[in-house]
Structures are given as C-alpha cells and as structure tokens.
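In case it helps, the numbering used here puts the sequence shown at residues 543 to 676.
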Amino acid sequence: MLRNRKLMLVITGAVALQLGLTSLKFSGWQCPLLHLFGVPCPGCGLTRATIFLLKGDWQRSIAYHAFAPAFVIAFALVLGAAVLPRAARARVIDVTDSVERHTGIAVIILLGLIVYWLARLLILQSAFVKLIQG
Numbered sequence: 543m544l545r546n547r548k549l550m551l552v553i554t555g556a557v558a559l560q561l562g563l564t565s566l567k568f569s570g571w572q573c574p575l576l577h578l579f580g581v582p583c584p585g586c587g588l589t590r591a592t593i594f595l596l597k598g599d600w601q602r603s604i605a606y607h608a609f610a611p612a613f614v615i616a617f618a619l620v621l622g623a624a625v626l627p628r629a630a631r632a633r634v635i636d637v638t639d640s641v642e643r644h645t646g647i648a649v650i651i652l653l654g655l656i657v658y659w660l661a662r663l664l665i666l667q668s669a670f671v672k673l674i675q676g
C-alpha cells in the first residue's frame, strides 16, 4: 500500500482534513456505526485522542483512545510515503516491509485494536459512549 503514492496522498489529505476540522472545533466526519446503530466503532475517539496527543496532553489522549500513538506513527509512515523523494521513500517502504515481515506488527496492532474495542464496548459501554459523544 505504501508504494502507491497517489493513494497515500489521498489518505494523508483525508486524515489532515479530519484532524484540522476537529481541532478547529468544526464537525469532521462522524462515525457511521455510532450514528446508524448507536455502537461506537473500534476507531471512535481516535481523532480527538490524536489531537490531544499532538498537543502533548498524553493523559487525555489515552483516555479517548489508547491507540493514538500507534495511529500517529502509522500516519507518519503514510505521510512519508506520500511526500518523500523517491530514494528516501523507498528506504521507508523497505524498512516498513522488513519490520512487518519479521514481527507481524500490523496484525498484532489490529488484533489489539479489536480486543481494546471489545473491552471498552462490553465492560465500560456507557462510559465509552459518553466519552465518544463528548
């Protein structure tokens, strides 16, 4: 996926727009699962958590979503794949591929995200929904 520069530019633009709108107190994209079914998705709270993390407020960031640091790292990789010159971009992609091949980190993070979501949803559902709805 990182090899497709156009896709990375689209993803970078969409994420930047969402973060920008939300940080300026405008409404960004709303969670379709939350609004259609009343069930928060695994990523609910991630935008605000990322904004708090980028502002240096780790405690509020983690309260909204514990995966904000992983999201920021992933976004940095996508941004690099979108804007770096060819040689630097190739190095980022090669290192990312190598790390993924040797560790399976993407699968680990995805499984962790699902377990984290289920725990929040099943154990602390009312607190989770209140937090997400603001």
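Using N, Cα and C, we set each Cβ at its ideal position, and we do this for glycine too.
Note that the coordinates shown come from a computational prediction; the quantities given were computed from them, not determined experimentally.
Terminal residues of the continuous alpha helix (DSSP H) containing residue i?
| i | result |
| --- | --- |
| Gly654 | 647-665 |
Restricting to Cα atoms, I'd like to know which of the options is closest to residue i.
| i | options | result |
| --- | --- | --- |
| Leu561 | Leu578, Leu596, Arg547, His577 | Leu596 |
| Thr592 | Tyr658, Arg602, Cys573 | Arg602 |
| Ala605 | Arg633, Leu588, Leu563 | Leu588 |
| Ala618 | Thr638, Trp600, His607, Ser565 | Thr638 |
| Ile656 | Cys586, Glu642, Arg628, Asp599 | Cys586 |
| Pro584 | Val614, Gln667, Tyr658 | Tyr658 |
| Asn546 | Gly646, Phe568, Leu621 | Leu621 |
| Gly654 | Gly580, His607, His644 | His607 |
Return helix, strand or coil for residue i, following the three-state DSSP convention.
| i | result |
| --- | --- |
| Met550 | helix |
| Leu559 | helix |
| Leu713 | The first residue shown for the chain is 543 and the last is 676, placing residue 713 beyond what the model contains. |
Check your understanding: Enumerated in chain order, which unbroken segments of the alpha helix (DSSP H) with a length of 4 residues or greater are wholly contained in the region 562-625?
Key -> 574-579, 588-596, 600-606, 610-625
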